[in-house]
Amino acid sequence: MAPRILLDATAVPADRGGLGRYVDGLLCALHAQGADLAVVCQRADEKRYGGLVPGARVVAGPAGLSHRATRLAWEQSGLPHVAERVGADVLHLPTYTIPVSLALPTVVTIHDVTLFAEPEPHDPVRTSYVKSATRTAARRATRLIAPSRATRDELVRVLGADPAGIDVAYHGVDQQVFHRPSEAEVKQVSDRLGLHGHPYVAYLGALEPRKNVPNLIRGWVRACEHRPDAPALVLAGGGGWDDEVDAALATVPLNLRVLRPGYLPWASLPGFFGGALVVALPSRGEGFGLPVLEAMSCGAPVLTTRRGPLPEVGGDAVAYTEPDPSGIGTALDELFDDPSRRTALADAAHVRAGQFSWSESAEAHLASYQRAVDQYAATQASRTH
1 MAPRILLDAT
11 AVPADRGGLG
21 RYVDGLLCAL
31 HAQGADLAVV
41 CQRADEKRYG
51 GLVPGARVVA
61 GPAGLSHRAT
71 RLAWEQSGLP
81 HVAERVGADV
91 LHLPTYTIPV
101 SLALPTVVTI
111 HDVTLFAEPE
121 PHDPVRTSYV
131 KSATRTAARR
141 ATRLIAPSRA
151 TRDELVRVLG
161 ADPAGIDVAY
171 HGVDQQVFHR
181 PSEAEVKQVS
191 DRLGLHGHPY
201 VAYLGALEPR
211 KNVPNLIRGW
221 VRACEHRPDA
231 PALVLAGGGG
241 WDDEVDAALA
251 TVPLNLRVLR
261 PGYLPWASLP
271 GFFGGALVVA
281 LPSRGEGFGL
291 PVLEAMSCGA
301 PVLTTRRGPL
311 PEVGGDAVAY
321 TEPDPSGIGT
331 ALDELFDDPS
341 RRTALADAAH
351 VRAGQFSWSE
361 SAEAHLASYQ
371 RAVDQYAATQ
381 ASRTH
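Heads up, the sequence shown is in the UniProt record's numbering, so the first residue is 1 and it goes up one at a time.
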């Protein structure tokens, strides 16, 4: 009999972000495959998950779970009770924390370990906590899920995790949501940004040091400073911090245009990605690289780096650069001047993105849940003999 899975969605932030897209895409695909599901979430998300996975048991946690400290405390004390109440056979925690006392097999997704290689320089308290919690999860979980082979290898290298206890499950992309946009969708985004058809380089993501936004700004300036009608740079998204971003922006010549629209409406992302001259995501480290895949699915020519799992996602369908300003500037310059290459990349990217589905991701997760249940049962049996 298939195990009853309890997925803890309480860590999903209000803006959804990458974690929300992972949880939503995975839950829909698990539901489509007939998985026996229960979901625990924040109160504000109860109706949403009830609609996404009709028939699943959806439990709203107590008020205040949107506050990180409250959620982490509740995870230790309240989550085990929810698991017992819904009769869960396995608990999936889609981020790096885990209850330390739980008589249940657990599967933890560790999205990346870039913090160990490149600690966040401005928040040592959070860095220390995340590293400690990740180590605990890697040690205590019945099984781990990594979103790429590169992240699996880093878990083994950095944390000494047992490779036999790690399952790789690539993220998917919803091609109905992230599709090649119509001319009307492109125009709507362009007009909303105040560009009115003017070309632009698109970036979407948090302003974190590993995202490499300061070097993107500097590289874009290098590629544009000699151009009379240079494309704008649109830095969309929010969250995170990087003091160097403001320093880099201060060096932008007055004739060049940078836009910071913040979060963009979900429905506008195909027009934003697909309408860009280039989508530039020159990250220094990722666990998977979901924005790269989503931009590819929208038929955008993408520029990224060969760091970590990004070549696993992009393959030969994206352009690559070193993460320094000179490399980024040269790569952008070449793409600006080669419309036929941009078209070829856009077509190849759209085709390659079709290889990443939430359905396949769900199959890999279901296999991991079953392994966790079997492994836990074998461990319990050995203890009784």
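Glycine included, each C-beta is placed from N, C-alpha and C at the ideal position.
| Check | Outcome |
| --- | --- |
| Whole beta strand (DSSP E) elements within the stretch 251 to 314, 3-residue minimum | 258 to 262, 278 to 281, 302 to 304 |
| Span of the beta strand (DSSP E) around aspartate 246 | Premise fails: aspartate 246 lies in the alpha helix (DSSP H), 243 to 249, not in any beta strand (DSSP E). |
| Candidates Ala138, Leu79, Asp246, Pro301, of which the one nearest alanine 317 by Cα | Pro301 |
| Residue from Arg43, Leu332, His92, Gly25 with nearest C-alpha to aspartate 8 | His92 |
| Continuous alpha helix (DSSP H) stretch holding leucine 27: start and end | 17 to 32 |
| Nearest neighbour of valine 107, chosen from Arg143, Ala378, Arg157, Leu249 [CA to CA] | Arg143 |
| For glutamate 225 and methionine 296, the rounded distance between their alpha carbons | 28 angstroms |
| Three CB pairs or more closer than 8 angstroms across the stretch 356 to 367 and the stretch 150 to 161 | no |
| Cutoff 7 angstroms; reference arginine 135; Cβ partners in own chain excluding five residues on either side | Leu159 |
| Three-state class that DSSP yields for alanine 14 in the structure shown | coil |
| Limits of the alpha helix (DSSP H) - the one that histidine 81 falls within | 79 to 85 |
| Buried/exposed call for alanine 2, threshold 16 Cβ in 10 Å | exposed |
| Aspartate 374 (DSSP reduced to helix, strand or coil) | helix |
| Inter-residue Cα distance where the pair is leucine 52 and arginine 85 | 21 angstroms |
| Identity of the residues DSSP links to arginine 143 by a beta bridge | Val107 |
| Close Cβ partners of proline 350 (< 7 angstroms) along its chain, the five nearest in sequence each way excluded | Correcting the residue type first, residue 350 is histidine in the shown sequence and not proline. Here the set comprises Arg180, Met296, Ser297, Gly299. |
| Cβ-Cβ separation, isoleucine 110 to tyrosine 129 (assumed contact under 8 angstroms), whole Å | 15 angstroms between Cβ atoms; not a contact. |
| Outcome for arginine 307 when other beta-carbon atoms lying within 10 angstroms are tallied against a minimum of 16 | buried |
| Outcome for asparagine 212 when other beta-carbon atoms lying within 10 angstroms are tallied against a minimum of 16 | buried |
| Beta-carbon gap between aspartate 112 and alanine 223 smaller than 7 angstroms | no |
| Nearest-angstrom Cβ-Cβ length linking serine 357 and glycine 172, presumed shorter than 8 angstroms | 5 angstroms |
| Segment contact, 8 angstroms Cβ cut-off, at least three pairs: the stretch 193 to 201 with the stretch 277 to 286 | yes |
| Local Cβ density within 10 Å of serine 190, reported as buried at 16 or more and exposed below that | buried |
| Other residues of its chain near glycine 238: CB distance less than 8 angstroms, five sequence neighbours each side excluded | Asp15, Ala206, Leu207, Gly262, Tyr263 |
| Where the beta strand (DSSP E) containing aspartate 8 begins and where it ends | 4 to 8 |
| Range covered by the beta strand (DSSP E) that runs through tyrosine 203 | 200 to 204 |
| Coarse secondary structure for residue 405, derived from DSSP in three states | With the chain represented from 1 up to 385, any question about residue 405 goes unanswered, as that position is not in the structure. |
| Cβ pair glycine 87, valine 186 closer than 7 angstroms | no |
| Contacts around alanine 348, its chain only, beta-carbon distance under 6 angstroms, and the 5 residues preceding and following it disregarded | Ala317 |
| Glutamate 118 and arginine 210 closer than 7 angstroms at C-beta | yes |
| 7 angstroms Cβ cutoff met for valine 58 and isoleucine 5 | no |
| Cα-Cα separation, proline 99 to glycine 18 | 23 angstroms |
| Test item: CB-CB of proline 309 and phenylalanine 288 under 7 angstroms | yes |
| 7 angstroms Cβ shell around alanine 346 - same chain, five flanking residues per side excluded | Gly299, Ala300, Pro301 |
| Cross-strand partners of cysteine 41 (DSSP beta bridge) | Ala60 |
| Bridge partner(s) assigned by DSSP for tyrosine 129 | Per DSSP, none; premise fails for tyrosine 129. |
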